[in-house]
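In the numbering used here, the protein residues as written are 7 to 170.
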């Protein structure tokens, strides 16, 4: 196992998150990366206007959406179980939420999500995790804490802009 130190807003506390050695690094183009447990397998999805992907297994489903119109997670705010936390991950401020949303998907009611607003070039990243149990949600939300954004030199920014 290895650990990452995380700085969280608003108090900027440092957290240590252990990542198991068997988790696999997933690189999303030249944009960002994160690690996943080996049981989360990629699903075949097709989208037109953003970087989107999904991974799943019996207990959880994770999807990410990187683009100009990624979900800011405001739709959960009215739920009785809604909790929001401001965090800083890889130097970027983000909103992390947890909620129980059984009306949307009875099989995967326990939700954790993170939204990075206004990253480079006005793009945003939202990652949703839906699980069968609260315990699984709490374990797998560590995926969010080790998101890493690629720092591109100026010449590469033009290349990336052409991807969208």
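Note that beta-carbon positions come from the ideal geometry of N, C-alpha and C, so glycine has one too.
Where the alpha helix (DSSP H) through residue i begins and ends
i, result
"residue 142", "140 to 146"
Buried versus exposed, by CB contacts within 10 Å (16 or more), residue i
i, result
"residue 152", "buried"
"residue 132", "buried"
"residue 31", "exposed"
"residue 147", "buried"
Simplified DSSP assignment, three categories, for residue i
i, result
"residue 127", "helix"
"residue 41", "strand"
"residue 24", "strand"
"residue 154", "strand"
Where the beta strand (DSSP E) through residue i begins and ends
i, result
"residue 59", "57 to 62"
"residue 118", "116 to 122"
"residue 71", "66 to 73"
"residue 87", "Taken as a continuous stretch (DSSP letters only), residue 87 belongs to no beta strand (DSSP E), as it is neither H nor E."
"residue 31", "30 to 34"
Residues near residue i by beta carbon distance below 7 Å, same chain, minus five either side
i, result
"residue 129", "72, 73, 74"
"residue 67", "60, 114, 136"
"residue 98", "122, 125, 155"
Residues near residue i by beta carbon distance below 6 Å, same chain, minus five either side
i, result
"residue 77", "132"
"residue 33", "39"
Close beta carbons around residue i, own chain, < 8 Å, minus the five adjacent residues each side
i, result
"residue 142", "65, 66, 116"
Contact with chain B by residue i, beta-carbon distance below 8 Å
i, result
"residue 107", "Although the question refers to chain B, the structure presented lacks it and comprises just one protein chain."
Whether or not the stretch 86 to 104 and the stretch 68 to 77 are in contact is what I'm after, with contact meaning three or more pairs of Cβ atoms, one per stretch, closer than 8 Å; do they touch? no
Inter-stretch contact (C-beta, 8 Å, three-pair minimum) for the stretch 88 to 104 and the stretch 119 to 129: yes
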